[in-house]
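Note that the working numbering has the sequence shown beginning at 1, numbered continuously upward.
Note that beta-carbon positions come from the ideal geometry of N, C-alpha and C, so glycine has one too.
Contents: one structure, followed by commentary.
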Amino acid sequence: MQRLKWFILSVAVLLALTLFGAVASAQNGDALLRFVHVVPGAQAIDIYVDGQRTVAGLEYGQGTDYLSVPSGTYTVAVTQTGLTTTLWEQSITVTSDTASTLVASSISKLSFTIYTDSLASLDLGKARVTVIHAIADGPSVDALIAGNRSVFPDLQYNTPTGTIDLDLSVEYPMAIVPANEGV
């Protein structure tokens with residue numbers, strides 16, 4: 001369970017940190033895409049968008065910065081780094097001025113789950129945090145912040161959760177626990 005807590009927390013922090021430059025990039029009419037690889041036990045992956053290698057050597061637990069692409073439909077294919085055999089392929093459609101995070105998290109169904117990211121403006125000194133439960137077959141969990149206050153209750157695997165904007169000047173201890181349990 002400790003591994004679950006740290007894993008979900010690290011994905012949340014990764015997603016929060018890469019959002020800062022996204023708002024400005026999306027305002028040029030393109031769409032933003034980023035990829036997160038959290039398939040347990042899987043090797044590094046390469047990601048191809050419409051046949052062009054766009055991401056090379058994405059390791060387990062890593063995510064990319066946002067990539068700017070024109071709106072449209074794309075074929076995304078994934079291979080193990082250094083190999084040519086396609087592990088999976090899927091079609092994605094993106095629209096202008098949107099941002100999406102594509103998370104690969106389960107070996108039982110190799111695919112990206114697509115999450116829409118908020119590009120709403122942030123007040124100066126704020127950071128936006130999104131928590132995604134990305135452990136297949138894991139129990140539902142609660143994301144707790146400062147003093148056991150539940151900010152994302154009953155998180156289910158691969159289900160969008162929303163976001164919370166936090167003050168950068170404050171430290172927020174966060175814990176991921178089984179649903180309806182304390183730290």
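Member of the options whose CA lies at the smallest distance from the CA of residue i
i	options	result
T116	V39, L102, P40, D46	L102
T85	L33, I47, A143	I47
I135	R53, T113, G51, S68	T113
L124	S108, D165, H133, Q156	D165
N180	V151, P160, D167	V151
A146	P160, D167, T161	D167
V94	V76, G82, T161, L83	V76
Residue(s) in a DSSP beta bridge with residue i
i	result
T116	S100
H37	Q62, A104
D30	Answer is none; D30 lacks a bridge partner.
S68	L32
V55	I47
The beta strand (DSSP E) enclosing residue i, as first and last residue numbers
i	result
P178	174-178
D46	45-49
T79	72-80
K126	126-130
A143	141-145
T93	86-94
P153	149-155
T163	163-167
Sequence-distant residues of the same chain with beta carbon closer than 7 Å to residue i, five excluded per side
i	result
S96	G29, D30, A31, S71
Q80	Q43, I45, L87
V55	F35, D46, I47, T64
S169	G125
Inter-residue spacing [alpha-carbon to alpha-carbon] between residue i and residue j
i	j	result
A99	Q43	26 Å
T64	R149	30 Å
T163	D137	23 Å
G57	G182	38 Å
A127	E171	12 Å
Y74	E89	10 Å
S140	I92	27 Å
T130	R34	14 Å
D154	Y66	28 Å
N158	L119	21 Å
Q156	H133	6 Å
S106	D50	23 Å
P173	Q52	41 Å
V69	Q62	21 Å
P178	Y60	23 Å
G41	S108	12 Å
Beta-carbon contacts of residue i that lie in its chain and below 8 Å, excluding the five residues immediately before and after
i	result
L110	V39, V78, L87, W88, A104
Contact with chain D by residue i, beta-carbon distance below 8 Å
i	result
T130	The displayed structure is made up of one protein chain only, and chain D is not part of it.
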